[in-house]
Amino acid sequence: MTPDLVEVLLEKLRGDPDLTLRYLADVLEHETGVKVTPQTVKNHVDGSCFTLKQMDKEPQYMNAISNKHKHREYLVKLQEYQAMGKTIIYMDETNFNLWSTRMRGRSLRGRRAVKKIFAGGGQNMHVTSSHASVSMALYTGEFNLTDMVLVLDNAPCHCRAEQGFEETEFLDATLLRLGPCSPMLNPIENGFSTFKTAVKSFMIVAWRF
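Going by my numbering, the sequence shown opens with residue 18, and the numbers climb by one from there.
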């Protein structure tokens, strides 16, 4: 295969990374008249450092220009509040299933590795958490809401959060919305990932005893 034919394959993969080797071989034959086997396609694709990996699903409008502007607006406001010495509190929630199992196991050669599992799966857990931008501190009395900034994402359960900040007791607090499709700007997401891993590791050990 010539470099031009390989480039045809790579261009297809740049546009749609989940195309199969058989499909690429058929497309190459249809567009160029060159007939090759899927294995030949694989060899040349691998040789161009296009490797097979798990795909990341990205929302259609994740990197839209309008969303990028909203991300910028959020960061500008966040830095302004930080410069004013306000306390930034990130709040979010997550759901996850407590069921956890390994995908691989050991058994005698020629026999399947079979493990009995519960038909209903595991228990679903709903977790709400909040992280602040300050270190460990002890507070006595009421918080000074004037210095508090609560950061929320655009999840459906947060759609009426503004109404809560219109109540008399919360008028002094500030609500800051994250931009759409911006989990990378919310540090609490890393906390959830660590928390889920720790809980599932504990549950695996607990179930064995």
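A virtual CB, placed ideally from N, CA and C, is assigned to each residue, including glycine.
Computed from a prediction, not measured in an experiment: that's the story for all the values here.
Exercise. What is the rounded straight-line gap between the Cα of Thr104 and the Cα of Arg194?
Worked result: Near 15 Å, if we compare the C-alpha coordinates of Arg194 and Thr104.
For this session: Mind reading off the beta-carbon distance from Pro247 to Arg31? Whole number of angstroms is fine, and I expect it under 8 Å.
Result: Absent from the model: residue 247. The displayed extent of the chain is 18 to 226, so no value can be given.
Problem set entry | Beta-carbon gap between Leu45 and Val58 smaller than 9 Å | Yes, they are a contact pair.
Exercise. Three or more beta-carbon pairs under 8 Å between the segment 62 to 80 and the segment 177 to 194, yes or no?
Worked result: They do not touch, by the three-pair rule.
Problem set entry | Collapsed DSSP secondary structure at Asn114 in the structure displayed | In the structure shown, Asn114 sits in a strand (DSSP, three-state: E or B).
For this session: Might you give, ordered along the chain, the residues of its own chain that have their beta carbon closer than 7 Å to the beta carbon of Glu48, omitting 5 neighbours on each side?
Result: The residues are Val25.
For this session: Would you mind stating whether His88 and Thr111 have Cβ atoms separated by less than 9 Å?
Result: Not in contact: His88 and Thr111 (Cβ atoms no closer than 9 Å).
Exercise. Does the distance from the CB of Lys213 to the CB of Phe67 come in under 9 Å?
Worked result: Not closer than 9 Å, so no.
Exercise. Whose C-beta lies closer than 8 Å to the C-beta of Asp17 among residues of the same chain, with five residues either side of it excluded?
Worked result: A query on residue 17 cannot be resolved here, the shown segment of the chain reaching from 18 to 226 and no further.
Problem set entry | DSSP-derived helix/strand/coil call for Ala149 | In the structure shown, Ala149 sits in a strand (DSSP, three-state: E or B).
Problem set entry | CA nearest to the CA of Thr163, picked from Gly102, Pro34, Asp21, Leu95 | For the residues Gly102, Pro34, Asp21, Leu95, the minimum Cα distance to Thr163 belongs to Gly102.
For this session: Give every residue of the same chain whose Cβ lies closer than 7 Å to the Cβ of Ile94, excluding the five residues on either side of it in the sequence, and list them in chain order.
Result: Just to set this straight, residue 94 is Lys in the shown sequence, not Ile. Taken in chain order, the residues that qualify are Leu193.
Exercise. When burial is assigned at 16 or more other CB atoms within 10 Å of the CB, is Tyr107 buried or exposed?
Worked result: Counting Cβ neighbours within 10 Å, Tyr107 comes out buried, since at least 16 surround it.
For this session: Taking only the alpha-carbon atoms, compute the straight-line gap between Arg121 and Gly139 and give it to the nearest angstrom.
Result: So the two alpha carbons sit approximately 19 Å from each other.
Exercise. Taking C-beta to C-beta, are Val51 and Leu22 nearer than 9 Å?
Worked result: Yes, they are a contact pair.
Exercise. What residue from Pro173, Thr191, Ala172 has the CA that sits closest to Gly181's CA?
Worked result: Comparing Cα-Cα distances from Gly181 to each of Pro173, Thr191, Ala172, the minimum goes to Thr191.
For this session: Counting only the same chain and skipping the five closest in sequence on each side, list residues whose C-beta sits under 6 Å from that of Met79.
Result: Taken in chain order, the residues that qualify are Cys198.
For this session: Select from Ser65, Gln99, Phe160 the residue whose C-alpha is nearest the C-alpha of Thr19.
Result: Selection Ser65, Gln99, Phe160 evaluated against Thr19 yields Ser65 as nearest (Cα-Cα).
Exercise. So, helix, strand or coil for Tyr107, using DSSP?
Worked result: Of the three classes helix, strand and coil, the one that applies to Tyr107 here is strand, per DSSP.
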